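Each remark here refers to the structure printed beneath this line.
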DNA sequence: TCAAATCTTTATAAATTCTTTATGTATGGA
DNA sequence: TCCATACATAAAGAATTTATAAAGATTTGA
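Residue numbers (the working numbering), protein chains in the order written: chain A, 1 to 225; chain B, 1 to 225.
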């Protein structure tokens with residue numbers, strides 16, 4: 001597997017060392033630059049997955065480096081700074097900084113923020129789905145597939161199925177299901193449930209008479225598996 | 001101009017008020033929820049561009065709310081908390097929080113972070129054209145071709161088609177489409193959508209009665225394929 | 001300014017979904 | 001076993017939603 005590259009642009013050797021140790025122990029490959037000029041060069045030649053930039057550089061204004069990078073570099077750029085003035089933070093963020101941490105920073109938090117930023121930058125298309133053998137619920141697209149084929153559900157059917165699927169294995173009472181899908185005043189309309197469960201089974205089960213997914217829990221409710 | 005929607009989930013009315021005033025003065029439309037349950041419901045029906053979530057909610061653990069939202073909600077979620085323990089921050093970030101701010105927070109910084117997060121989340125599609133079988137959208141020239149021939153669309157029709165095409169395969173709600181194309185005050189004008197979908201189908205479908213691209217998802221919205 | 005194009009609103013038929021009713025089957029306790 | 005209750009399913013009727021045409025209002029461009 002290829003390790004993620006992180007570029008650290010900071011003139012203080014001890015900060016670079018600290019970041020290097022922490023990042024490498026979490027599986028990142030670390031590139032180091034001690035000046036803005038060198039940082040821009042490394043960024044251009046390696047296109048790292050993330051850049052950590054210190055605003056207090058000797059050769060150039062860190063803000064300038066940020067702007068130069070942002071002309072073409074679209075991955076996350078984290079700002080490290082001793083400056084805690086709100087105006088500086090706002091400026092940096094509006095210049096395209098992804099995050100801004102003030103020194104001294106907590107390494108665990110920095111690493112968590114780095115994980116998040118890289119992940120968001122890696123797969124911007126979030127395909128969250130629930131899978132149950134032949135059945136698949138795509139929560140973002142709001143679609144249900146059975147053996148890869150789209151199943152056409154009404155909005156109420158989808159709502160009901162989603163609720164059951166999210167609580168896989170748990171028995172959901174009639175009361176609860178009615179309350180969540182239809183609303184508080186429908187808690188006694190158990191017949192609605194029967195009708196909709198029947199039509200759901202017809203659509204998602206191979207054999208609605210002996211369901212593999214949507215089970216009846218007599219006198220209590222329904223359960224999805 | 002269509003305003004961005006931000007959902008604030010916080011049980012303290014004064015924090016909600018503070019956020020509302022600040023966000024609205026910067027052009028956002030603010031939705032408010034005082035409990036986790038209410039917040040999840042609002043998020044599901046409005047799909048706001050960003051959610052601000054207080055971890056210290058009365059009815060549910062804020063962390064739980066975050067997880068529930070992240071099952072399907074992919075836009076930024078900001079955490080507000082009085083807790084400044086590193087472990088809590090790391091947990092929240094690893095559960096999918098986009099950012100974590102501790103109270104008291106600086107509103108200017110919060111707004112800058114919100115701007116950045118929303119911008120990064122906006123469609124990062126940099127492609128020049130989108131292709132769907134017989135249909136082709138040229139994003140630079142703002143032209144649509146069907147089997148190579150130019151299709152003449154009005155700007156509203158183009159805008160609507162572009163939005164659907166950029167979210168290929170996803171069901172886009174009436175609410176969302178109306179908000180994006182016409183603006184936030186048109187969210188209830190579902191009839192506009194019907195009229196424009198009909199005219200789009202007449203122009204881009206072989207047989208508008210049985211569409212191959214622009215599908216109706218009853219009571220929910222439309223989907224492009 | 002005028003004509004054409006586009007957007008908004010209204011009207012109505014068609015399609016879909018929800019609710020209710022009816023009927024037969026299954027379950028579990030006395 | 002019988003009986004009361006719960007469940008499954010089909011189907012009819014009610015309500016809602018959608019598609020579409022077309023008329024009126026507004027905007028745009030020559």
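We put the CB at the ideal spot given by N, CA and C, even for glycine. Just so you know, these numbers come straight off a predicted model, no measurement behind them.
When you measure from the CB of residue i to every non-hydrogen atom of the ligand FMN, does any distance come out below 6 Å?
i	result
residue 217(B)	Among the components modelled here there is no ligand, and therefore nothing to report on the ligand FMN.
Which chain A residues sit within Cβ distance under 7 Å of residue i?
i	result
residue 106(B)	86
residue 169(B)	141
Per DSSP, what kind of secondary structure is residue i in: helix, strand or coil?
i	result
residue 1(B)	A caution first: residue 1(B) carries a pLDDT of 47, below 50, which makes its placement in the model unreliable, though a value can still be read off. Looking at residue 1(B) - three-state DSSP - the assignment turns out to be coil, as it is neither helix nor strand.
residue 184(A)	helix
residue 30(B)	strand
residue 21(A)	helix
residue 56(A)	coil
residue 6(A)	strand
residue 217(B)	strand
residue 70(B)	helix
residue 85(B)	coil
Report the neighbours of residue i on chain B: residues whose CB is nearer than 7 Å to its CB, in chain order.
i	result
residue 113(A)	93
Taking Cβ-Cβ distances shorter than 9 Å, what residues in chain A pair up with residue i?
i	result
residue 89(B)	106, 108, 109, 112, 113
residue 116(B)	93, 94, 96, 97, 98, 99
Given that residue i touches chain B, what residues does it touch there, using C-beta distances under 8 Å?
i	result
residue 154(A)	218, 219
residue 166(A)	71
To the nearest angstrom, how far is the alpha carbon of residue i from that of residue j?
i	j	result
residue 75(B)	residue 216(A)	36 Å
residue 1(B)	residue 28(B)	Summary for residue 1(B): the model assigns pLDDT 47, below 50, so the residue's position carries little reliability, and this model does not support an answer.
residue 4(A)	residue 122(A)	11 Å
residue 112(A)	residue 99(A)	12 Å
residue 209(B)	residue 198(B)	10 Å
residue 173(B)	residue 34(A)	50 Å
residue 177(B)	residue 163(B)	8 Å
residue 179(A)	residue 159(A)	12 Å
residue 206(B)	residue 129(B)	21 Å
residue 18(B)	residue 106(B)	11 Å
residue 119(B)	residue 95(A)	12 Å
residue 32(B)	residue 57(B)	13 Å
residue 70(B)	residue 135(A)	21 Å
residue 10(A)	residue 59(A)	11 Å
residue 157(B)	residue 145(A)	30 Å
residue 24(A)	residue 30(A)	7 Å
residue 77(A)	residue 151(A)	43 Å
residue 222(B)	residue 169(B)	10 Å
residue 225(B)	residue 103(A)	49 Å
residue 161(B)	residue 214(B)	9 Å
residue 47(A)	residue 101(A)	22 Å
residue 61(A)	residue 97(A)	14 Å
residue 16(B)	residue 108(B)	16 Å
residue 185(A)	residue 72(A)	56 Å
residue 131(A)	residue 137(A)	6 Å
Please specify which runs of the alpha helix (DSSP H), each continuous and at least 4 residues long, are wholly inside the stretch 90-159 of chain A, giving them in chain order. 107-122
When you compare the stretch 189-200 of chain A with the stretch 132-146 of chain A, are there three or more beta-carbon pairs, one atom per stretch, that lie closer than 8 Å? They do not touch, by the three-pair rule.
Identify every run of the alpha helix (DSSP H) within the stretch 164-209 of chain B, keeping only runs that are complete inside it and at least 4 residues long; order them along the chain. Complete alpha helix (DSSP H) runs here, min 4: 174-181, 190-204.
Within the chosen definition, does the stretch 46-56 of chain A reach the stretch 79-95 of chain A through at least 3 CB pairs nearer than 8 Å? yes
Quick test of the definition: if touching needs 3 or more C-beta pairs under 8 Å, does the stretch 84-91 of chain B touch the stretch 103-112 of chain A? yes
Specify whether the stretch 55-69 of chain A and the stretch 32-41 of chain A touch according to this definition: at least 3 beta carbon pairs, one from each stretch, less than 8 Å apart. yes
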